[in-house]
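Under our numbering, the first residue of the sequence shown carries the number 1, and numbering increases by one thereafter.
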Amino acid sequence: MEIDEIIRQVKAMITEHLFEDMAQEIYFFKEMKPKLIAKFIYYSKILDLESTKPTANQKTIKKHYETALMDMKYFYGQNLEFYNYYRRKATYLDHKYFVRHQYDLKAKFQTNLHNFDENFTTANDDLVARIIANDLLEKYILFEIENIGTNKEKNCDCTSKLEWSSPKVNLIELIYALHQAKYFNNGNIELNEIIRHSEKFLNIDLSSFYKTLGEIKGRKINRTKFLHFLNNSLDAYFIEKDA
């Protein structure tokens with residue numbers, strides 16, 4: 001199920017839900033909702049970052065990633081007071097930050113607040129989501145910068161003779177399906193790390209995998225056509241052997 005569909009379902013449920021008390025409402029908007037929204041923001045930012053990544057030299061690619069890191073620092077600077085409040089795990093203003101319809105006109109106004117449903121939004125839950133997403137994105141970017149132009153696994157003495165001989169889009173569809181099913185390290189591994197390992201062992205360049213993933217998601221008909229092909233191909237093989 002797509003993350004945006006899950007968000008819509010949660011929104012529909014919460015707008016009709018009555019919290020037992022303020023503490024319960026604060027917990028949802030401070031702890032639960034931001035983690036969900038952060039996933040959406042994180043993957044959206046990666047898709048944007050990778051789809052606009054230059055294909056020039058390593059120095060230009062590094063600058064591209066470093067610009068994204070600078071954007072994060074600017075965001076933290078613009079929201080420094082709340083950022084420090086959140087990082088300190090403070091709670092004394094939670095009733096203003098994470099309870100609906102409690103906007104403080106004296107506090108810094110969030111310019112994108114008008115885009116949200118007031119029944120599913122508090123003054124600062126979106127900021128928490130963006131902080132969480134940035135934490136994830138920073139790890140991703142630092143990993144990518146460290147591996148520009150090289151791959152740590154290439155230092156291994158073993159050299160794979162396997163080569164992927166189908167279009168790249170099919171491999172990305174397969175990898176993403178296995179990743180979503182948590183079949184790599186029980187789900188405790190980032191997608192970009194799986195991609196890097198796959199690049200080495202299958203001798204293929206998947207540097208534009210997030211852009212390709214976006215194209216797969218954008219298919220109007222049969223998003224998982226390669227998975228369907230594999231299923232039909234294996235079924236046909238078994239039928240032939242049983243004949």
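Using N, Cα and C, we set each Cβ at its ideal position, and we do this for glycine too. Since the structure is predicted, the reported quantities are computational estimates derived from the model, not experimental observations.
- Message: Taking only three categories from DSSP, how would you classify Lys-154?
- Response: In this prediction, Lys-154 has a pLDDT of 44, which is less than 50 and means its spatial position is unreliable; what the coordinates show is noted afterwards. For Lys-154, the secondary structure class from DSSP, reduced to helix, strand or coil, is helix.
- Message: Less than 6 Å between C-beta atoms, sequence neighbours within five positions excluded: which residues of the same chain meet that for Tyr-210?
- Response: Setting aside the 5 residues that flank it on each side, Tyr-210 is surrounded in the same chain by Ile-46, Leu-47, Glu-50, each with a C-beta closer than 6 Å to its C-beta; the list follows chain order.
- Taking the C-alpha atoms as reference points, what is the distance between Glu-240 and Pro-167? Going by the C-alpha atoms only, they are around 26 Å apart.
- CA-CA distance, Ile-221 and Asp-21? Cα-Cα distance, rounded: 45 Å.
- Query: Taking buried to mean at least 16 other C-beta atoms within 10 Å of its own C-beta, is Met-203 buried or exposed?
  - Reply: Met is not the amino acid found at residue 203; the sequence shown has Asn there. So Asn-203 ends up on the exposed side.
- Message: Buried or exposed, going by whether 16 or more other CB atoms sit within 10 Å of the CB of Glu-5?
- Response: Result: exposed.
- Task: Write down the C-beta distance between Ile-3 and Phe-40 rounded to the nearest angstrom, noting that I regard them as a contact closer than 8 Å.
- Result: Indeed, because the Cβ distance is near 5 Å, the residues count as touching under 8 Å.
- Message: Contact defined as beta carbons within less than 8 Å: I believe Ile-194 pairs with Ile-175. What is the distance between those atoms, to the nearest angstrom?
- Response: For a cut-off of 8 Å, the C-beta gap from Ile-194 to Ile-175 is around 6 Å, short enough to register as a contact.
- Is it buried or exposed for Pro-34, if we count other Cβ within 10 angstroms and need 16 for buried? Pro-34 comes out buried.
- Query: Grouping DSSP H, G and I as helix and E and B as strand, with all else coil, what is Gly-218?
  - Reply: Three-state DSSP puts Gly-218 in coil, outside helix and strand.
- Report yes if the CB atom of Tyr-85 is closer than 9 Å to the CB atom of Tyr-97, and no otherwise. Yes, these two residues count as a Cβ contact at 9 Å.
- Unbroken alpha helix (DSSP H) run spanning Gly-77, endpoints: Boundaries of the alpha helix (DSSP H) harbouring Gly-77: 58–78, taken from the DSSP string.
- Pair within 9 Å by beta-carbon distance, Met-117 and Thr-15: The residue you asked about is not Met; residue 117 is Asp in the sequence shown. Contact flag set, yes.
- Is Thr-122 buried or exposed, if buried means 16 or more other CB atoms sit within 10 Å of its CB? With 16 or more other Cβ atoms inside 10 Å of its own Cβ, Thr-122 counts as buried.
- Query: So, is Phe-238 buried or exposed, given that buried needs 16 or more other C-beta atoms within 10 angstroms?
  - Reply: That one is exposed.
- Message: So, under 8 Å CB-CB, Ile-172 and Leu-206 are touching, yes? Tell me the CB distance rounded to an integer number of Å.
- Response: Contact holds; Cβ gap of about 7 Å.
- Query: Exposed or buried, what is Tyr-140 when buried is set at 16 or more other beta-carbons lying within 10 Å of its beta-carbon?
  - Reply: Of the other Cβ atoms in all chains shown, 16 or more fall within 10 Å of the Cβ of Tyr-140; this residue is therefore buried.
- Query: In whole angstroms, what is the alpha-carbon distance linking Ser-44 and Ile-145?
  - Reply: Their Cα atoms are separated by approximately 19 Å.
- Compute the distance between the beta-carbons of Gln-58 and Ile-189, then report whether it is under 9 Å. No; because the gap between Cβ atoms is not below 9 Å, this pair is not in contact.
- Message: For Asn-115 and Arg-223, I'd like the C-alpha separation in whole angstroms.
- Response: A caution first: Asn-115 carries a pLDDT of 48, below 50, which makes its placement in the model unreliable, though a value can still be read off. Straight-line Cα distance between these residues: approximately 30 Å.
- Task: Take the Cβ of Ala-133 as the centre, count every other Cβ of all protein chains shown within 10 Å, and call the residue buried at 16 or more, exposed below.
- Result: Result: buried.
- Item | Per-residue DSSP class, three states only, for Lys-241 | It is helical.
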